[in-house]
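With positions in the sequence shown counted from 1, the corresponding number in the working numbering is that position plus 6. Virtual Cβ for every residue (Gly too), placed ideally from N, Cα, C.
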Amino acid sequence: MKTIWKDIQKHLLSGVSFMMPVVVAGGVILAVSLLGATQTETGLVPNQLGKAGMAMMIPVFAAYISYSVAGKPGLTPGFILGYIANNAIMINGVEVKAGFLGALILGLLAGYMAKWMKGLKVGKTIRSIMPILVIPISTVLVLGLAYYFIIGYPISFLMQALSDLMVTLNGSGKAVL
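Structure, rendered in structure tokens:
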């Protein structure tokens, strides 16, 4: 059990280390654009670039968690599922956005599913298309459907509860009643 947690920790740290340059680049460019605060078209470009970098940090995090687990076949599912986790979707009339926690979970699930699929014994013809076609498509479809119909709402609920709790905290770190 201790080995499993060590492996998961390694994968999460790998995701964070690949995410950090995206966060730094996006954050610095966004901050610089806000310092200038010009309303010209040229002045708005850095703002859009910074926002793009910040929007990509969660998908990059999920992708490289998945990559750490499964190698290249885990990269595409991680990016797509991380993007889905970070963007609001409607499920039964309820807006669901799982954010960072959803990307973390989906990145791990995508990595382990892709790793499992890499180990399947298949014919030589199919073996050649497994990493670029079969594994990414299967992983995205299976986990994407699971996210939409099973795990998206509970994760989103938990993230919203954590956000609400943080809003109610005061400067001393104690919940405000």
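- Query: Where does methionine 96 sit, in a helix, a strand or coil, going by DSSP?
  - Reply: strand
- Could you tell me how far apart the beta carbons of glycine 99 and histidine 17 are, in whole angstroms, since I believe they sit closer than 8 Å? Actually they do not touch by this definition, with Cβ atoms about 35 Å apart.
- Item | Reference serine 169; option with closest CA among Leu107, Tyr154, Ile135 | Leu107
- For glycine 59 versus alanine 31, is the C-beta distance shorter than 7 Å? yes
- Task: Go ahead and pull the three-state DSSP assignment for valine 75.
- Result: helix
- Alpha carbon to alpha carbon, what distance is there between leucine 164 and valine 182? Confidence is the limiting factor: at valine 182 the pLDDT is only 47, short of 50, which leaves the residue's position unreliable, though a coordinate-based value still follows. C-alpha separation (whole angstroms): 19 Å.
- Which whole-angstrom value describes the C-beta separation of serine 39 and glycine 56, a residue pair presumed to lie in contact below a C-beta threshold of 8 Å? 6 Å
- Message: Which of the three DSSP states is assigned to valine 128 in this structure?
- Response: coil
- Query: Excluding five sequence neighbours on each side, which residues of the same chain lie with their C-beta closer than 8 Å to the C-beta of leucine 149?
  - Reply: Pro83, Leu87, Leu112, Leu115, Ala116, Met119
- Message: Between the alpha carbons of leucine 126 and isoleucine 135, how many angstroms are there, rounded?
- Response: 13 Å
- Of the choices Ala109, Gly49, Ala37, whose alpha-carbon is the least far from that of isoleucine 161? Ala109
- Out of Lys124, Ala68, Pro65, point me to the one whose CA is closest to isoleucine 79's CA. The sequence given here has proline at residue 79, not isoleucine. The shortest Cα separation from proline 79 among Lys124, Ala68, Pro65 belongs to Lys124.
- Item | phenylalanine 24 beta carbon less than 7 Å from that of tyrosine 89 | no
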